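First up is the structure itself, then whatever we jot down about it.
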Amino acid sequence: MESVSQLIDEYDHVNEFIFYTATNIPGKGCDETLFDVQIASCCSCTDGCATTCSCLDCGNGELNYCNGLLVDSKLFSSSCGNGGCLVECGSRCLCEATKCENRVVQFGPVAGLNIESFAAKGFGVTSKKPLLKGQFVCEYAGEIIGEEEATKRRIGDNTNYIFTLNEYVGDQRVKTIVDATCIANIGRYINHSCDPNCVVIPVRVDSIVPRLCIFSLKDIGIGEEITYKYGDIDHHGQENVDLGKLKACLCGSDKCAKYLPFNS
Ligand SMILES: C[S@@+](CC[C@H](N)C(=O)[O-])C[C@H]1O[C@@H](n2cnc3c(N)ncnc32)[C@H](O)[C@@H]1O
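Counting in full-length UniProt numbering, the sequence shown runs from 1 upward without gaps.
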């Protein structure tokens, strides 16, 4: 456990054994070739992609962002990868990057994030500036690894930094497993809440490999803990879940399910 109670994500972790990465990188067991597969869309908009843009066709054609904030229809329907595909304009697009309304997460985390100690939960993240509903906070970035490798790495791991994103293409579940244990950004320090103020939404920029992007679900005040709901599978109502293997949740919300969600 790191010994410093506060830091800003200036691309240095306090623990020398954690290496900074701004976005996902290929790790053991993942299909590295996927990182080179480009998103099919590219636009040539001259209006700042403010009304229509062919890059929005991968979703429902509606704008992704309004004044830099994720629109409600995407914020509340795309929770943990169940919604349509959110694609930003990328390097092959001919629109002007600095004026394009469809580029947000590619510019990096919001300024002013803090890492603080939250007692038994360990470190957590707050903001030194108020955040608005729909604001991009940061990515959950790390190594993308294969399933077998994830199973190996989970063994004996008390503090878990492996996040599985499940996306559904028709009947098929497509998994993206990100391990932020050793290679990560500030997203690795965000704790779970059963009544979260943020959500993880997959966003694609250039590559078909998703970025796990954390957006605020509501306005968040200075110093308020930033949280999202881990995973998309609750143990509620499920049979054969060994509660002894689940970790107690200390989120303290009225809606607390008592255990951290099980996600695989
Ligand atoms: C991705 S890390 C979050 C950062 C972590 N607190 C730290 O100090 O590095 C996930 C781990 O944080 C802890 N954690 C996160 N949310 C929690 C919660 N609501 N209740 C208890 N522990 C929590 C658990 O140990 C969990 O495995």
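C-beta atoms are modelled at their ideal positions from N, C-alpha and C, and glycine is treated no differently.
Since the model is a prediction, treat every value here as computed from it, not as a measurement.
Per-residue DSSP class, three states only, for residue i
i	result
A120	helix
I149	A small fix is needed here, since residue 149 is Glu in this sequence, not Ile. If DSSP states are grouped into helix, strand and coil, E149 belongs with the helices.
L23	Checking the displayed sequence, the identity of residue 23 turns out to be Thr instead of Leu. Of the three classes helix, strand and coil, the one that applies to T23 here is coil, per DSSP.
G225	The identity of residue 225 in the sequence shown is Glu, whereas the question assumes Gly. Looking at E225 - three-state DSSP - the assignment turns out to be coil, as it is neither helix nor strand.
E16	coil
Distance between beta carbons of residue j and residue i, contact taken as under 8 Å
i	j	result
V137	V178	About 16 Å separates the two Cβ atoms, so there is no contact after all.
I226	V125	5 Å
V87	G59	7 Å
D245	E149	Note on identity: in this sequence residue 245 is Lys, with Asp being the wrong assignment. Actually they are not in contact, since the Cβ atoms of K245 and E149 sit about 20 Å apart, beyond 8 Å.
G142	S127	The Cβ separation is near 21 Å, so there is no contact.
A24	N64	Contrary to the premise, residue 24 reads as Asn rather than Ala in this sequence. Going by Cβ atoms, the distance from N24 to N64 rounds to 20 Å, so no, they are not a contact pair.
I208	L34	6 Å
C89	C43	6 Å
I144	P26	6 Å
Any beta strand (DSSP E) of 3 or more consecutive residues that is wholly inside the region 35 to 118: Within the region 35 to 118, the complete beta strand (DSSP E) segments of 3 residues or longer fall at 113 to 117, listed in chain order.
3-residue-minimum beta strand (DSSP E) runs that sit fully inside the region 173 to 201, ordered along the chain: The region 173 to 201 contains no complete beta strand (DSSP E) run of 3 or more residues.
Cβ pair count under 8 Å reaching 3, the region 44 to 58 against the region 207 to 218: Between the region 44 to 58 and the region 207 to 218, the count of Cβ pairs shorter than 8 Å is below three; the stretches do not touch.
Stretch pair the region 65 to 76 + the region 114 to 122: three plus CB contacts closer than 8 Å: When Cβ pairs closer than 8 Å are counted between the two stretches, the region 65 to 76 is seen not to touch the region 114 to 122, the count staying below three.
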